[in-house]
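Okay, so here's the structure we're looking at.
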Amino acid sequence: MNPSILLKNGTVLLHGDGDVPYPRRTDILIEGNIISQMGTNLAAPSADTKVIDCRDKIVAPGFIDTHNHLWQTQLKGRHANDLLLDYLPKGNMQGYFYTGHDIFWGQLGGALEAIDAGTTCVVDHAHMNYSPETGTNAVSATVSSGIRAFFCYCPTSRVKSWCPLTKDDDLLPPWLLTQLESLAKQSPFGDGRVHIGLAFDWFLMPKQAVVDLFEKARRWGVKLITAHYTKGPYSGDFSPIQILESYGLLASDLIFSHSNAADMRDADLLKRRNAFVSCTPETEMQMALGEPLAFRPEFASQCALGVDCHSNNSSDMMTQMRLALQYARARANQAFLDHGKLPRRLQALVEDAFNLATIQGARAVHMEDKIGTIAPGKLADLVLFATDSPAMICAAQHNPLAAVVMHASVRDVDTVIVDGQIRKENGRLLPCELDPGLVSGSRSGSEQVTWTWADIAAQLLKSQGRVQRENEKVDMTNMLDRVIEAHKVDPNSVVDSIV
Ligand SMILES: [Zn+2]
């Protein structure tokens with residue numbers, strides 16, 4: 001642990017008026033978890049100060065991922081050709097097969113994958129709560145990873161049987177409410193990094209049950225509430241934004257993931273209540289959720305970006321920025337081509353993409369005074385990019401912002417600092433210290449306290465094998481039809497072709 005860190009002569013991406021990002025060569029002094037000074041020729045305040053030569057580095061605000069399911073690490077590789085209805089049993093419902101230890105390692109792996117990619121804050125939609133143990137272990141792993149997080153505890157639709165596919169009717173068993181209350185009241189964890197939130201997807205519940213849950217959760221102190229918003233044959237034809245407004249529950253603590261079918265009334269309500277949407281372009285484009293809305297002008301002030309399923313796709317925000325940006329450009333350009341014209345200029349810009357993953361993410365979690373931009377007094381959540389790789393060379397020197405958005409990948413993420421602590425250095429994750437306050441009871445399944453990435457990877461492979469063996473005990477044939485039946489989807493609405 002370093003009492004202070006001095007970043008010397010980096011090319012720092014700052015934000016000016018109107019959120020316009022721009023580069024400036026400057027030093028950054030970090031004391032404790034705060035950026036205490038910025039300027040040229042800053043001196044190290046003590047002999048203990050860790051000095052990092054950043055002459056060949058771009059220093060950016062740590063990325064903020066506003067929608068992820070961190071526990072799903074062991075499921076990576078399963079979903080490459082999956083649509084949403086395939087993903088549900090192979091991903092979403094897999095909490096059924098996880099032990100508490102599996103949850104610990106999956107969550108830790110997901111959080112470390114995010115840090116490795118330069119993400120310093122994540123909104124975790126934690127929909128794997130089959131028992132009290134799973135919730136506690138996931139919080140413990142989140143704290144241990146070192147990431148900043150909103151752990152949004154989800155009343156989980158728990159599989160009761162696979163054949164036929166049935167779910168437990170009781171979404172809010174007493175143990176779940178007791179645990180949510182207990183975690184929310186103890187929050188924050190990890191020196192203030194990990195806050196408890198609520199994740200909620202059950203808008204067909206009776207109104208009073210929804211109102212009661214939201215009121216209780218807010219009274220207990222949850223910091224955020226997040227919900228999936230997907231219209232269509234699977235989810236139904238309603239807007240969670242408008243339902244919550246009609247219940248008097250729509251407020252600034254809400255983040256709606258996806259929201260591809262959101263309309264002008266949704267946009268107006270989001271602005272009025274200062275609630276946000278999280279666009280996750282990679283899963284949305286693959287799984288038929290709809291067109292990403294990140295660059296629709298009516299959502300510009302209320303939109304941030306997310307990864308969604310790192311079991312399905314990349315967990316880095318550079319990819320999400322690029323996909324959202326290029327999708328918006330393709331769509332806009334096609335409209336000109338359809339009219340036999342050419343656009344004179346692009347409307348969707350790299351500056352906007354960068355802001356979606358930084359300052360807009362900070363606004364979505366209402367921490368814009370602390371993270372998402374670099375300035376004295378803000379929390380030290382930073383990502384340092386190397387500029388000498390074949391991908392970054394020349395781009396970084398000509399236009400550092402373009403280099404980060406258009407050229408960087410995880411290999412270029414050299415150093416990651418969260419809350420003033422270095423979590424990745426010289427391109428490698430540093431070992432994790434498992435949180436002593438939460439580790440009692442051996443949530444990891446081991447008494448070992450310090451874990452290298454290699455140690456963690458070995459545990460993940462063991463856990464993945466165990467989860468896979470449990471899967472193989474269940475007959476998964478014709479699962480798509482079982483999912484359609486269990487979720488009361490009109491079978492005529494799921495077709496091979498629309499011609
Ligand atoms: Zn999701």
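According to full-length UniProt numbering, the sequence shown is numbered sequentially starting from 1. Here a beta-carbon is modelled for each residue, glycine too, at the ideal position from N, C-alpha and C.
Asked                                                                                                      : Found
Residue range of the unbroken beta strand (DSSP E) whose run includes H195                                 : V194 to A199
Delimiting residues of the beta strand (DSSP E) encompassing Y229                                          : I225 to Y229
Segments of 3+ residues assigned as beta strand (DSSP E) that fall wholly inside the segment 241-269       : 254-258
N- and C-terminal bounds of the alpha helix (DSSP H) containing K160                                       : Careful: K160 lies outside any alpha helix (DSSP H), inside the beta strand (DSSP E) at V159 to W162.
Residue range of the unbroken alpha helix (DSSP H) whose run includes R469                                 : W453 to E472
beta-carbon D308 near ligand 3 non-hydrogen atom, thresh 7 Å                                               : As presented, the structure is devoid of ligand 3, carrying ligand 1 as its sole ligands.
C-beta atoms of P45 and F354 nearer than 8 Å                                                               : no
Delimiting residues of the alpha helix (DSSP H) encompassing V51                                           : Taken as a continuous stretch (DSSP letters only), V51 belongs to no alpha helix (DSSP H), being part of the beta strand (DSSP E) at K50 to D53.
S314 beta carbon near ligand 1 (any heavy atom closer than 7 Å)                                            : no
Residue span of the beta strand (DSSP E) that contains Y305, given as start and end                        : For the sequence presented, residue 305 should be read as Leu rather than Tyr. Looking at the DSSP string, the run of the beta strand (DSSP E) that includes L305 is C303 to L305.
H487 beta carbon near ligand 1 (any heavy atom closer than 7 Å)                                            : no
Euclidean distance between Cα positions of L204 and D48                                                    : 57 Å
Minimum length 3: unbroken beta strand (DSSP E) runs contained in the segment 126-173                      : 148-153, 159-162 and 165-167
A391 to D412 span [Cα, whole Å]                                                                            : 8 Å
Nearest-angstrom Cα separation, counted from D19 out to V439                                               : Note that V439 scores 46 on pLDDT, short of 50, meaning its location in the model is unreliable; the coordinates nonetheless yield the value given after this. Each residue's alpha carbon lies about 41 Å from the other.
Cβ-heavy atom distance, S46 to ligand 1, below 7 Å                                                         : no
Close Cβ partners of A486 (< 8 Å) along its chain, the five nearest in sequence each way excluded          : P164, L165, T166 and K167
Enclosing beta strand (DSSP E) for N68 [first to last residue]                                             : F63 to N68
Check: S257 C-beta below 7 Å from any heavy atom of ligand 1                                               : yes
Beta-carbon spacing of W289, L84 below 8 Å                                                                 : At residue 289 the sequence reads Leu, which differs from the Trp that was named. Cβ distance < 8 Å, so L289 and L84 count as in contact.
Reference residue 502, options C152, T73, A80 and V194, closest by Cα                                      : Not covered by the structure: residue 502. The range shown for the chain is 1 to 499.
CB contact flag (I5, I393, <8 Å)                                                                           : no
Inter-residue CB distance, L305 and M317 (contact presumed, cutoff 8 Å)                                    : 6 Å
Pairwise C-alpha distance: T387 and D56                                                                    : 6 Å
Segment contact, 8 Å Cβ cut-off, at least three pairs: the segment 30-45 with the segment 64-79            : no
First through last residue of the alpha helix (DSSP H) which encompasses T319                              : M317 to D338
Cβ-Cβ distance between T226 and S257 below 8 Å                                                             : yes
Residues bridged to F189 [DSSP beta-bridge criterion]                                                      : V194
N- and C-terminal bounds of the beta strand (DSSP E) containing N9                                         : S4 to H15
Range of the contiguous beta strand (DSSP E) that encloses A386                                            : L382 to A386
C-beta atoms of residue 516 and K223 nearer than 8 Å                                                       : The question about residue 516 has no answer, for the chain in this structure spans 1 to 499.
Burial state of P431 (16 or more Cβ within 10 Å)                                                           : exposed
DSSP-derived helix/strand/coil call for F276                                                               : strand
Any non-hydrogen atom of ligand 1 within 7 Å of H79 CB                                                     : no
T134, buried or exposed, once every other Cβ within 10 Å from all chains shown has been counted against 16 : buried
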